[in-house]
Ligand SMILES: [Zn+2]
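Numbering (the numbering used here), first residue to last: 2 to 213.
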């Protein structure tokens, strides 16, 4: 954990995928994923600018194991854009699993950014789909709003939060991951790999309590 950071009007908090399917009882539950909800609620109250993201897949999405005969969740297939981990069906558009956790309370969220809507491409990052070239439009939104620092929280630390943080850094934003407001899935050491990658890119992991 690093030094305290003072949140101001040039900062934006991106709350990643705090949805029912990523919480205990959901289709792709992140262990203790629901624990982030009260932390995110308190954190978001300190930001004037908040964006929520929502994984929002059509039925039969490429990232679902059920789309690939004979495949099981957590196996990997080769997509045109590279390796793709297969997941249980999750966050299908307009299903209860795709809704935000019912206790998530972020009234200041100005934008809900949906991702993963192309049936043929997964999207971990809130900035670019997994082909790494198709933008979601969020970079343009953040630039037009004049934000310089991006704070990230939510689910899952080692996938959507990680790739979002890395893309934000590459786009020139100063990036902080509020690690105690995240929980990870941890597939094959992915949490440790995430910490190493963030550190190598100069992305600070901070505690929600360090933000004033
Ligand atoms: Zn997904």
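Just so it is clear, CB atoms sit at the ideal spot from N, CA and C, and this is done for glycine as well.
Buried or exposed (CB count within 10 angstroms, at least 16 for buried), residue 137 | Under a 10 Å Cβ-count criterion, residue 137 is classified as buried, with 16 or more other Cβ atoms of the shown protein chains found around its own Cβ.
Simplified DSSP state of residue 1, which is helix, strand or coil = This structure gives no information on residue 1, because the portion of the chain shown stretches from 2 to 213.
Supposed contact pair residue 182 and residue 154 - C-beta distance, whole angstroms, cut 8 Å | 4 Å
Just grab the DSSP bridge partners of residue 101 for me.
-> Paired residues: 20.
Give the single residue among 125, 55, 64 whose Cα lies nearest to the Cα of residue 112.
-> 55
Give me the Cα-Cα distance between residue 200 and residue 70, rounded to the nearest whole angstrom.
-> One C-alpha to the other measures close to 38 Å.
With residue 162 and residue 178 assumed to form a contact (beta carbons below 8 Å), what rounded beta-carbon distance in angstroms separates them?
-> 6 Å
With hydrogens ignored, establish whether the beta-carbon of residue 132 is closer than 7 Å to any heavy atom of ligand 1.
-> Shortest gap from the CB of residue 132 to any heavy atom of ligand 1: 7 Å or more.
Residue 211 versus residue 41 - alpha carbon distance = Straight-line spacing of the CA atoms in residue 211 and residue 41 works out to 14 Å.
Whose CA, out of 175, 185, 151, lies closest to the CA of residue 159?
-> Nearest of 175, 185, 151 to residue 159, Cα basis: 185.
Helix, strand or coil at residue 186 according to DSSP, with G and I counted as helix = coil
Is the beta carbon of residue 123 within less than 7 Å of some heavy atom of ligand 1?
-> yes
Closest by CA to residue 115, which one among 95, 169, 168?
-> 95
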